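Protein sequences, first through last, are from chains A and B. Last residue of the first sequence? That's 260 in the numbering used here, and every number before it is there in order. Last residue of the second sequence? That's 327 in the numbering used here, and every number before it is there in order.
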Amino acid sequence: MIEVRNLYKSFEDKMILEDVSSTFEKGKTSLIIGASGSGKSVMLKNIVGLFKPDKGEVLYDKRDFLKADRDTKTDIRRDIGMLFQGGALFDSFDVEKNVKFPLDVLTDMPEDEKLDRVNAVLKRVSLENTNKRMPSEISGGMQKRVGIARAIVNQSKYLFCDEPNSGLDPQTSIQIDQLLAEITDEYNITTVIVTHDMNSVMEIGEYILFLCDRRKLWEGSNEDIVHSGVKELDDFVFANKMMRRLKNLS
Amino acid sequence: MNIFTGIDYFKCRCIEAFLQVFLFCRSLQFYGNNRIVHHMSKLGQYILFLGALFKNRESFRTYVKLFFDECILIGINSIILVSIVSVFMGAVSTLQTAYNLINPLIPDNVIGLVVRDLTILELAPTITAIIYAGKVGSSIAGNLGTMRITEQVDALEVMGINSISYLVLPKIAASVFIYPFLVILAGVLAIGGGYLAAKFGGVVSPSDYLFGLKMNFNEFSITFALIKSVVFGFLVASISAFMGYNTKGGALEVGQSSTRAVTISCIAILLSDFLLAQLLLVQ
Chain A
11 MIEVRNLYKS FEDKMILEDV SSTFEKGKTS LIIGASGSGK SVMLKNIVGL
61 FKPDKGEVLY DKRDFLKADR DTKTDIRRDI GMLFQGGALF DSFDVEKNVK
111 FPLDVLTDMP EDEKLDRVNA VLKRVSLENT NKRMPSEISG GMQKRVGIAR
161 AIVNQSKYLF CDEPNSGLDP QTSIQIDQLL AEITDEYNIT TVIVTHDMNS
211 VMEIGEYILF LCDRRKLWEG SNEDIVHSGV KELDDFVFAN KMMRRLKNLS
Chain B
45 MNIFTGIDYF KCRCIEAFLQ VFLFCRSLQF YGNNRIVHHM SKLGQYILFL
95 GALFKNRESF RTYVKLFFDE CILIGINSII LVSIVSVFMG AVSTLQTAYN
145 LINPLIPDNV IGLVVRDLTI LELAPTITAI IYAGKVGSSI AGNLGTMRIT
195 EQVDALEVMG INSISYLVLP KIAASVFIYP FLVILAGVLA IGGGYLAAKF
245 GGVVSPSDYL FGLKMNFNEF SITFALIKSV VFGFLVASIS AFMGYNTKGG
295 ALEVGQSSTR AVTISCIAIL LSDFLLAQLL LVQ
């Protein structure tokens, strides 16, 4: 479980996050949604430690990440897997080396055991027989799946995804969403996804946090979102004509 | 009345001119201060960056592999360019020295001596360093800049890896280790190029050239060249890595970082060249 308490973040004089609190449960797929510039990615980067918040607390299973000593911080970080917007695969490594990388650097596992684990996670993301292909030789959807494989190969307890569907067609997006939801359930991990893709929200949003204008405006599940009664959220969810028509029909 | 008007007008013009000069000086001072603060802050960041190389390091085994990979990438891949440039540099030095030595009282073998000292003291370590900054420096900055903008650096940080130490330390170590070898190669090939120019250009007989090479040889020149090569190897790799690592933005900024890396590396090479000569050669 990850708890975020009263998080504040500003860049120079510009406030990006203001008093945001939330709890992301273990075994659940949690989504942070909001319009572009609402502070979703900044919130995620504060949680994983890429940015340092101005104020607030981030607790990983009751361990305070921001106040932790270096060893605890390193331990927490080694439990984190992250899928970046563009995949962030290492260009000079093939698929196998990319997935194996966390094991190479963070563990003393024997080589054959590492390869077994790499093959297992590649199979889990349906990428068997792609071990020796370079990131530039595979599609965007495949790169995302390699990114997911790399994020879970070290048996991470916390999985973070920054816009996992960006640049993907709707069908591939849904496949990625379903894969993330299945992995969350199967490995019983805490998954936090930043997205503005409504298909993802409807498909896998067990817990949704809506950010608007630097603040948390609403939280709930995908079943509650259509009846939230929050104007800003309605404007975000029912942004297109089709969705508005469906809402009126319901 | 007209006289007073004229004096008043003159006073007004003087005050206006004074104010303009004052404002111009203020703006210059402001600009200057800002620039100085900016450069000092960059220098401070560079020192902190170097400090971060040794914090929270990975296992020695990890670095050994990366070190050898970088040696190949930085050193072996630069051999052809360095070789071509060195041979021509030596050949042209021989021809131009011969062209300038028109006094019949100066023996031809001086050409060999001049080419030897020129090569060992300056051409091999310094000019090769400029070429090295262009090839290796831009490559390091471009590589790290691309990693930065495509979030590969963030991916390392999230895994709990000190990205500066992991990515930069092997590059600097490899550069400091391999660049002296490139300088030795450049020196040998430049002197060889000079020999070829002597033989085929007909400006000096090969035997005179070879005699000149051995004449009044001071072994410290070699030590000096190697000291310079270690310093230049460090400067090129660390400055380029700093520029690349701190890239913000997109593809355009990666290009700008590479250009800046080469420019600043070249300035640092020339500045340190002067300082080292002053420290080590001037009695």
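Positions of the beta carbon are idealized from the N, C-alpha and C atoms, including for glycine. In this text the structure is predicted, and so the values were computed from the model without any measurement.
How many Å lie between residue i and residue j at the Cα?
| i | j | result |
| --- | --- | --- |
| residue 212(A) | residue 231(A) | 9 Å |
| residue 173(A) | residue 42(A) | 10 Å |
| residue 63(B) | residue 80(B) | 25 Å |
| residue 170(B) | residue 306(B) | 14 Å |
| residue 118(B) | residue 310(B) | 17 Å |
| residue 51(A) | residue 29(A) | 16 Å |
| residue 14(A) | residue 197(A) | 22 Å |
| residue 20(A) | residue 61(A) | 10 Å |
| residue 111(B) | residue 105(B) | 10 Å |
| residue 163(A) | residue 58(A) | 18 Å |
| residue 134(A) | residue 159(A) | 8 Å |
| residue 167(B) | residue 76(A) | 52 Å |
| residue 109(B) | residue 99(B) | 19 Å |
| residue 79(A) | residue 93(B) | 21 Å |
| residue 16(A) | residue 92(A) | 23 Å |
| residue 126(B) | residue 133(B) | 10 Å |
| residue 253(A) | residue 178(A) | 21 Å |
| residue 233(A) | residue 215(A) | 9 Å |
| residue 9(A) | residue 45(A) | The requested residue 9(A) does not occur in the structure, where chain A is confined to residues 11 to 260. |
| residue 205(A) | residue 295(B) | 24 Å |
What first and last residue would you give for the beta strand (DSSP E) that runs through residue i?
| i | result |
| --- | --- |
| residue 222(A) | 217-222 |
Below 7 Å CB to CB, which residues in the same chain sit around residue i once its five sequence neighbours on both sides are set aside?
| i | result |
| --- | --- |
| residue 304(B) | 287 |
| residue 115(B) | 218, 221 and 222 |
| residue 212(B) | 97, 285 and 289 |
| residue 119(A) | 113 |
Buried or exposed: where does residue i fall if 16 or more other Cβ atoms within 10 Å of its Cβ makes it buried?
| i | result |
| --- | --- |
| residue 323(B) | exposed |
| residue 127(A) | buried |
| residue 24(A) | exposed |
| residue 199(B) | buried |
| residue 148(B) | exposed |
| residue 157(B) | buried |
| residue 313(B) | buried |
| residue 261(B) | exposed |
| residue 150(B) | exposed |
| residue 195(B) | buried |
| residue 124(B) | exposed |
| residue 253(B) | buried |
Based on the DSSP secondary-structure assignment, which residues constitute the bridge partners of residue i?
| i | result |
| --- | --- |
| residue 32(A) | 14(A) |
| residue 90(A) | 168(A) |
| residue 203(A) | 41(A) and 171(A) |
| residue 24(A) | 21(A) |
| residue 230(A) | 218(A) |
| residue 74(A) | 69(A) |
| residue 225(A) | 222(A) |
Which residues mark the beginning and the end of the alpha helix (DSSP H) in which residue i is found?
| i | result |
| --- | --- |
| residue 66(A) | Where residue 66(A) is concerned, there is no enclosing alpha helix (DSSP H), although the beta strand (DSSP E) it sits in stretches over 65-70. |
| residue 178(A) | Unbroken run through residue 178(A): none, as it is neither H nor E. |
| residue 201(B) | 196-202 |
| residue 149(A) | Counting along the chain, residue 149(A) falls outside any alpha helix (DSSP H), and DSSP gives it neither H nor E. |
| residue 292(B) | Looking at the DSSP string, residue 292(B) is not in any alpha helix (DSSP H), and its letter there is neither H nor E. |
| residue 234(B) | 207-245 |
| residue 172(B) | 172-176 |
| residue 114(A) | 105-116 |
Closer than 8 Å by C-beta to residue i: which residues in its own chain qualify, once you throw out the five before and the five after it? Chain order, please.
| i | result |
| --- | --- |
| residue 229(A) | 32, 217, 218, 219 and 220 |
| residue 293(B) | 193 |
In chain order, what residues of the same chain have a beta carbon less than 6 Å from the beta carbon of residue i, not counting five sequence neighbours either side?
| i | result |
| --- | --- |
| residue 95(A) | 172, 173 and 176 |
- Query: the stretch 101-119 of chain A: which residues have C-beta closer than 9 Å to a C-beta of chain D, in chain order?
  - Reply: The structure shown contains no chain D; its protein chains are A and B.
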